[in-house]
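Take a look at the structure set out below.
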Amino acid sequence: MSETEHSGDRITEARLWRDNGWTARVIKNDDDDGWAVAMTPDGQVEPALVGPWTMGRDKKNPKPLDTSAFHTLVKTATEFVRRHEQQLHATLHQRVEIDHRGARVEVLLDIEPDEENPTATLRAMDADGAVLAEVKVPPSFKLTRSSASAWAEAGFSARVS
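Each residue of the sequence shown is one higher than the one before, starting from 8 at the first, in the working numbering.
Encoded structure:
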């Protein structure tokens, strides 16, 4: 059975805990002689977060997982994933406001990530939310107040520099 097929089973072992949508697995730290803990959300293959784990009293083996540690790890990993998702959203959906001909204009850059063919759309909207212009741009386009103002000054042309 695969990892995801077991995701509903609660496990509370010294080096493996699964509950509340997460799996904590204590693993050997490849960087030194210590231990690490990998936090993987249910349904995922790769861990969302890997961090150092405490040595046990014998200074050779890892400290066993327990309820308190697991709940702290879930909270930390959940917060880490949430911050990563917010950062990704901010990268893919950017916006700046500029003044153009005495009016406030909001310029938005929406990037559609795709490993083979990413796309991006640059859109200008007036204060009422009406679309003034919309053009396709390279996903590498850098949206700044300066680039948005230059686009506006060029009459929101289809050619954006």
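Using N, Cα and C, we set each Cβ at its ideal position, and we do this for glycine too.
Between the options, which lies nearest to residue i when the distance is taken from Cα to Cα?
{"i": "R49", "options": "V81, R22, M62", "result": "Residue identity differs from the one stated: residue 49 is Asp in this sequence, not Arg. Nearest of V81, R22, M62 to D49, Cα basis: V81."}
{"i": "A165", "options": "E113, Q51, T128", "result": "T128"}
{"i": "T98", "options": "E119, D38, V52", "result": "E119"}
{"i": "H107", "options": "P71, D121, W24, R152", "result": "R152"}
{"i": "E104", "options": "A76, K35, D133, E123", "result": "D133"}
{"i": "D26", "options": "I34, R17, D117, R32", "result": "R17"}
Can you name, in chain order, every residue of its own chain whose Cβ lies under 7 Å from the Cβ of residue i, other than the five neighbours on each side?
{"i": "S147", "result": "none"}
{"i": "P54", "result": "A45, M46, T47"}
{"i": "G63", "result": "P69, K70"}
Helix, strand or coil: which one does DSSP assign to residue i?
{"i": "T126", "result": "strand"}
{"i": "K143", "result": "strand"}
{"i": "A161", "result": "coil"}
{"i": "A45", "result": "strand"}
{"i": "R32", "result": "strand"}
{"i": "E12", "result": "Any reading at E12 must be qualified, since the residue scores a pLDDT of 41, below 50, and its modelled position is unreliable; the value itself is stated next. Reduced to three states, the DSSP call for E12 is helix."}
{"i": "L99", "result": "helix"}
{"i": "L150", "result": "coil"}
Just how far apart, CA to CA, sit residue i and residue j?
{"i": "E113", "j": "V88", "result": "29 Å"}
{"i": "A21", "j": "Q93", "result": "33 Å"}
{"i": "A79", "j": "T85", "result": "For clarity, residue 79 is Thr in the given sequence; the question names Ala instead. Whole-angstrom Cα-Cα distance: 10 Å."}
{"i": "K66", "j": "P125", "result": "49 Å"}
My understanding is that residue i touches residue j, with C-beta atoms under 8 Å, so please give their C-beta distance in whole angstroms.
{"i": "V167", "j": "V142", "result": "6 Å"}
{"i": "L56", "j": "T83", "result": "7 Å"}
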